[in-house]
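Here is the structure we will look at, set down as structure tokens.
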Amino acid sequence: MQLLKQVVEEFSVKEIDPVALKIEREGVTQGILNSLAEKGFLGALAPVEYGGAGLDERGYLVLLEVLAKHSPSVGMYVLLQNSLFISPILRYGTKELAQEIVPGIASGKSSGTIANYLLSGGKISIEGSSLSGTSDLVPNSSAQMCLVLAKSGNDSQLVLVDGGFSIVSDSRKLGFRGLRYSTVSFEGAKAKSILLSGGGEREVQNLYNDSSSHVSAMALGMSEAALDMAVSYAKDRQAFDAHLIEFQPIAFSIARLVSEFNVYEKYLYGISSVKEGMMLKELVLEFSRRASRASLQVHGGYGYIEDSGVERFYRDTMALELLTGNRISDMSELSKELLGGESAKY
Amino acid sequence: MRLDFNLPEDVEEVKQKARKFAIEEFNDKTASRHDLEELYPYELRKKAFEAGLVRIDNPWGVLLTMEEFCRVDPGLGLSILASVFGSELLLLYGTDEQRQKYMEPVLNGSKISAVAVTEPGAGSDVAGISSKLEKSDDGFLLDGQKMFITNGTITDFFYVLARTSPPPSKEKRHHGMSVAIVDRYWPGVSVNKLKGKLGMRATDTAEIKFEGVKVPNENIIGEIGKGFYYIMTFFNISRVYVAAQSVGIAQGALDELLNYVKNSGSNEESLQFILAESASKLEAARLLTYKAASLVFQFNPDPALTSMAKYFSAEVANSVTESALEYMGQKGLLSRLERLYRDSKITEIWEGTSEIEKLVIARTLIKRAMQGDQIA
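Taken in sequence, the protein lines are chains E and R.
Numbered per this note's numbering, the first sequence spans residues 1 to 346.
Numbered per this note's numbering, the second sequence spans residues 1 to 376.
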């Protein structure tokens, strides 16, 4: 794991850092996608026979944490391809489908996304194999393929759509500006494959629950970057004839955040169940916002400008929560997991 | 005795007028465009002046207008109201000639002013500035650099804080500074717009360079060497307006959340608690802000109270927008809450960071305790 961390770290320093700000302005480039693919990161969770890296869960967490530290947008892209696209295809699709789809994703020739009305509140329905309706805030909306949670009568299906959907309008971007978000129309699109013909909502919620540890790794990577920047700025910047780090309120605040980071990071790599991932996610999403806000505050006006690379963590940590879950349903799931099915009804 | 929390009728009228103006003019399309493209709202500023909404001779009116404008869109609202930024300096310490020449055109909307205090190497630590006003034959020569200056590229002139003499000692480092009025178009003045701000993107922000700028004697405000005190007095006024910005932002976020609950029919108790907590914090911030403002507007400011209002309201603006956005989820991301969340952060930084406000509060209280005064 140490070795993998070193590999991803070196990769990020060489390939991502020089273009990290450009990615924010112009998007994750094909060049970055190619180098991610070359390293096997785009198909991190896919088995080797599908062109993937076949990383285990822990290795995948390392990958996400380090990528998010250097570019939250790149981390999010990899999470989207793996946790929310490749994973469900491997889990619910046939072997043939996986063989057809996954190698293209892993090689960066194709890309995928997910439209989930549980988060966006859009309305997509399916009759036979024909889809209709639109979905807001579809991430990486220029992807060729999209997993769609669609209503079918009183039930819901999870289907794969290969093309045939179109972008209606682009959405404003609080965070992960290297990705495109759009309102997407599925009017007239055809399902290429029906992964789940019923119970889609429950399974999609499970999919997000399962990815809680992945989201936590992202949150921790961003927190680490924000805190590293706060520490070095506070050691460098002077006010009132002293370095900022010499002042107790600043030192206490950063020291506490660094402590929290270390405790959470240790827990992350010991996670052995979905429940533990969900517990950590509940803590670190809030923590990462607090850490990035504190870092911005230490930087003052300088942290407020995009070029500093500080303010994006303030935006991205909030966007992480909103794009990978829903506060009330996530907390309800966690409550039921910890306290039983009767809990958190009202 | 009776504590009356009602606004006087004329102030209530201004408030309603400001609310109406903001709702009509700051629609989401306009606000989004100015935010995305970082455009200063020249036209809206003109309209607000024509509607009589920018009048510092009616400070309560300006305070409530600030609140109502920021409630709808902080970037646009602030851009308009900050176009008279710094006028209080001349109102308090200027000569009649200075007021006539510089302040009056700003107050009637034909010119824009800016305050230039912060430098690349000195923000919170105002006395750490290094810009210099050096005596010359017929006035002063100004050299230095200023940073994060609101209205920097659109202003007609700056109120510049600079050193006229070195600090006499480490303890007295706030001595020896003066405020000069410097025309934006004088030789040696160059401005550079800063782009890519987190929030308040309709406002104009710039870095400024002064290189051997000739400043005539009559452009020095008040007494030489007292600049630090003038600026601190000014901050005591401007901070209550920042507190009002925060109150407005928090109210705007609460409006969005209430609207969401109303339209979605959500009745989850977790959401109701967020609503209750947010509304309570907001009301406390508002009362604190009005109390601090009331003392400032009676020319009897309490620096501790002003700093409490500024710090506390900023924190409330940040926490209310954060929880509203969190609980509205992607619906919030698609609404103007996304903007309010980004706009709220600056209230903890400008006109004195929250850290500086806390120092002012603590030091004022300690000083009073040492003097044996009663702590209010």
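Glycine residues also receive a C-beta, built at the ideal position from the N, C-alpha and C atoms.
Does the CB of residue 148(R) have a neighbour CB from chain E at under 8 Å? Within the second sequence, residue 148(R) is the residue found at index 148, counting from 1. Yes, contact with chain E.
- Item | Local conformation of residue 264(R) per DSSP, three classes | By one-based count along the second sequence, residue 264(R) stands at place 264. DSSP places residue 264(R) in helix when its eight states are reduced to three.
As assigned by DSSP and simplified to three states, the class of residue 342(E) | Taking the first residue of the first sequence as position 1, residue 342(E) is located at position 342. Of the three classes helix, strand and coil, the one that applies to residue 342(E) here is coil, per DSSP.
Would a C-beta distance cut-off of 8 Å place residue 204(E) and residue 134(E) closer than the cut-off?
For the purposes of this step, residue 204(E) is taken as the residue at position 204 of the first sequence. For the purposes of this step, residue 134(E) is taken as the residue at position 134 of the first sequence. No, they are not a contact pair.
Cβ neighbour criterion (16 or more within 10 Å) applied to residue 41(R): Counting from 1 along the second sequence, the entry for residue 41(R) is found at position 41. Buried, since its Cβ has 16 or more Cβ neighbours within 10 Å.
Note to self: Does the segment 28–43 of chain E come into contact with the segment 106–119 of chain E, if we say contact requires no fewer than three beta-carbon pairs (one atom in each stretch) closer than 8 Å?
What the structure shows: Yes: at least three Cβ pairs fall under 8 Å.
inquiry  = With DSSP as the reference, identify every bridge partner of residue 146(E), one or two as the case may be.
reply    = For this step, residue 146(E) is matched to residue 146 along the first sequence. Per DSSP, 113(E) and 161(E).
**Asked** Would you say residue 202(R) and residue 121(R) are within 8 Å of each other, going by their C-beta atoms?
**Response** Walking along the second sequence from the start, residue 202(R) turns up at place 202. Walking along the second sequence from the start, residue 121(R) turns up at place 121. Not a contact, by the Cβ cut-off of 8 Å.
Rounded C-alpha distance that separates residue 143(R) from residue 181(E)
Translated into positions along the second sequence, residue 143(R) becomes position 143. Translated into positions along the first sequence, residue 181(E) becomes position 181. Cα to Cα, residue 143(R) sits roughly 47 Å from residue 181(E).
From the DSSP secondary-structure annotation, give me the bridge partner or partners of residue 158(R). In the second sequence, the residue the question calls residue 158(R) occupies position 158. DSSP output for residue 158(R) lists 114(R) and 182(R) as bridge partner(s).
Contact under 8 Å by Cβ, residue 79(R) with residue 45(R) | Looking up residue 79(R) in the second sequence gives position 79. Looking up residue 45(R) in the second sequence gives position 45. Taking 8 Å as the Cβ cut-off, residue 79(R) and residue 45(R) qualify as a contacting pair.
*Look at the alpha carbon of residue 315(E) and the alpha carbon of residue 316(R), and state the distance between them as a whole number of angstroms.*
Locating residue 315(E) in the first sequence gives position 315, counting from the first residue. Locating residue 316(R) in the second sequence gives position 316, counting from the first residue. If I take the Cα positions, the gap works out to 18 Å.
| Among all the DSSP beta bridges, which residues are the ones paired with residue 177(R)? | Taking the second sequence and counting its residues from 1, the one referred to as residue 177(R) is at position 177. According to DSSP, residue 177(R) bridges with 163(R) and 226(R).
key: Segment contact flag, the segment 208–218 of chain R with the segment 275–283 of chain R, C-beta cutoff 8 Å, min 3 pairs   = No: the two stretches stay apart, fewer than three of their Cβ pairs being nearer than 8 Å.
- Query: Who are the near neighbours of residue 56(R) in its chain, counting only those whose CB is closer than 8 Å to its CB and skipping five residues on each side?
  - Reply: Here residue 56(R) refers to the residue found at position 56 when the second sequence is read from its first residue. So the qualifying residues of the chain are 62, 84, 87, 88, 91 and 107.
Thinking C-alpha only, which one of 149(E), 120(E), 95(E) and 6(E) is nearest residue 50(E)? If you number the first sequence from 1, residue 50(E) lands on position 50. Closest option to residue 50(E), Cα to Cα, is 95(E).
Does the segment 68–84 of chain E come into contact with the segment 136–148 of chain E, if we say contact requires no fewer than three beta-carbon pairs (one atom in each stretch) closer than 8 Å? yes
Within 8 Å (strictly less), CB to CB, does residue 331(E) reach chain R? Translated into positions along the first sequence, residue 331(E) becomes position 331. So, interface residue.
### Query
Considering residue 139(E), what are the terminal residues of the beta strand (DSSP E) in which it resides?
As a position in the first sequence, residue 139(E) is number 139, starting the count at 1. Taken as a continuous stretch (DSSP letters only), the beta strand (DSSP E) holding residue 139(E) covers 130–139.
Closer than 8 Å, Cβ to any Cβ of chain R: which residues of the segment 268–302 of chain E, in chain order?
From the segment 268–302 of chain E, only 289, 293, 296, 297, 300 and 301 have a Cβ closer than 8 Å to chain R.
Within the 8 Å Cβ cut-off, does residue 204(R) reach chain C?
Absence of chain C from the displayed structure is noted, the protein chains being E and R.
**Asked** At least one CB of chain R closer than 8 Å to the CB of residue 140(E): is that the case?
**Response** If you number the first sequence from 1, residue 140(E) lands on position 140. So no, residue 140(E) is outside the interface.
Q: Measuring alpha carbon to alpha carbon, tell me which of 242(E), 65(E) and 293(E) ends up nearest residue 268(E).
A: For the purposes of this step, residue 268(E) is taken as residue 268 along the first sequence, with counting starting at 1. The candidate whose alpha carbon is nearest that of residue 268(E) is 65(E).
request  = Taking all protein chains shown into account, decide if residue 10(R) is buried (16 or more other Cβ within 10 angstroms of its Cβ) or exposed.
outcome  = Counting from one through the second sequence, the residue named residue 10(R) turns up at place 10. Its Cβ having fewer than 16 others within 10 Å, residue 10(R) is exposed.
For this session: Could you round the C-beta distance between residue 230(E) and residue 298(E) to whole angstroms and report it? I think they count as a contact, below 8 Å.
Result: Position 230 of the first sequence, counting from 1, holds the residue named residue 230(E). Position 298 of the first sequence, counting from 1, holds the residue named residue 298(E). About 5 Å separates the beta carbon of residue 230(E) from that of residue 298(E), a gap short enough to meet the 8 Å contact definition.
Alpha carbon to alpha carbon, how far is residue 307(R) from residue 238(R)?
If you number the second sequence from 1, residue 307(R) lands on position 307. If you number the second sequence from 1, residue 238(R) lands on position 238. Taking the straight line from one Cα to the other gives about 11 Å.
- Task: Note down the Cα distance separating residue 302(E) from residue 173(E), rounded to an integer number of angstroms.
- Result: Sequence index remark: in the first sequence, residue 302(E) carries index 302 (1-based). Sequence index remark: in the first sequence, residue 173(E) carries index 173 (1-based). Going from the Cα of residue 302(E) to the Cα of residue 173(E) covers about 21 Å.
For this session: Using beta-carbon positions only, say whether residue 154(R) and residue 208(R) come within less than 8 Å of one another.
Result: Sequence index remark: in the second sequence, residue 154(R) carries index 154 (1-based). Sequence index remark: in the second sequence, residue 208(R) carries index 208 (1-based). Cβ distance not < 8 Å, so residue 154(R) and residue 208(R) don't count as in contact.
Check: Just curious, the alpha helix (DSSP H) that residue 311(R) is in, first and last residue?
Finding: In the second sequence, residue 311(R) corresponds to position 311, counting from 1. First-last of the alpha helix (DSSP H) with residue 311(R): 303–328.
Simplified DSSP state of residue 41(E), which is helix, strand or coil:
For this step, residue 41(E) is matched to residue 41 along the first sequence. If DSSP states are grouped into helix, strand and coil, residue 41(E) belongs with coil.
Flag this pair as yes or no: are the beta carbons of residue 14(E) and residue 62(E) separated by less than 8 Å?
-> Against the first sequence, residue 14(E) aligns to sequence position 14. Against the first sequence, residue 62(E) aligns to sequence position 62. Contact: no.
Checklist entry - With a cut-off of 8 Å, does the C-beta of residue 341(R) fall near any C-beta of chain E? => result Along the second sequence, read from residue 1 onward, the residue named residue 341(R) stands at position 341. So, interface residue.
message: Bridge partners for residue 185(E) per DSSP, in chain order?
response: Here residue 185(E) is taken as the residue at index 185 of the first sequence, counted from 1. As DSSP reads the structure, residue 185(E) sits in a beta bridge with 134(E) and 166(E).
>> Looking at residue 216(E): is its Cβ nearer than 8 Å to the Cβ of residue 280(E)?
In response: Walking along the first sequence from the start, residue 216(E) turns up at place 216. Walking along the first sequence from the start, residue 280(E) turns up at place 280. Cβ distance < 8 Å, so residue 216(E) and residue 280(E) count as in contact.
State the beta-bridge partners of residue 144(R) as determined by DSSP. Here residue 144(R) is taken as the residue at index 144 of the second sequence, counted from 1. BP columns for residue 144(R) point to 210(R).
Note to self: Could you check whether residue 213(E) and residue 277(E) sit closer than 8 Å to each other, using their CB atoms as the reference points?
What the structure shows: Within the first sequence, residue 277(E) is the residue found at index 277, counting from 1. Within the first sequence, residue 213(E) is the residue found at index 213, counting from 1. In this structure, residue 213(E) lies closer than 8 Å to residue 277(E) by Cβ.
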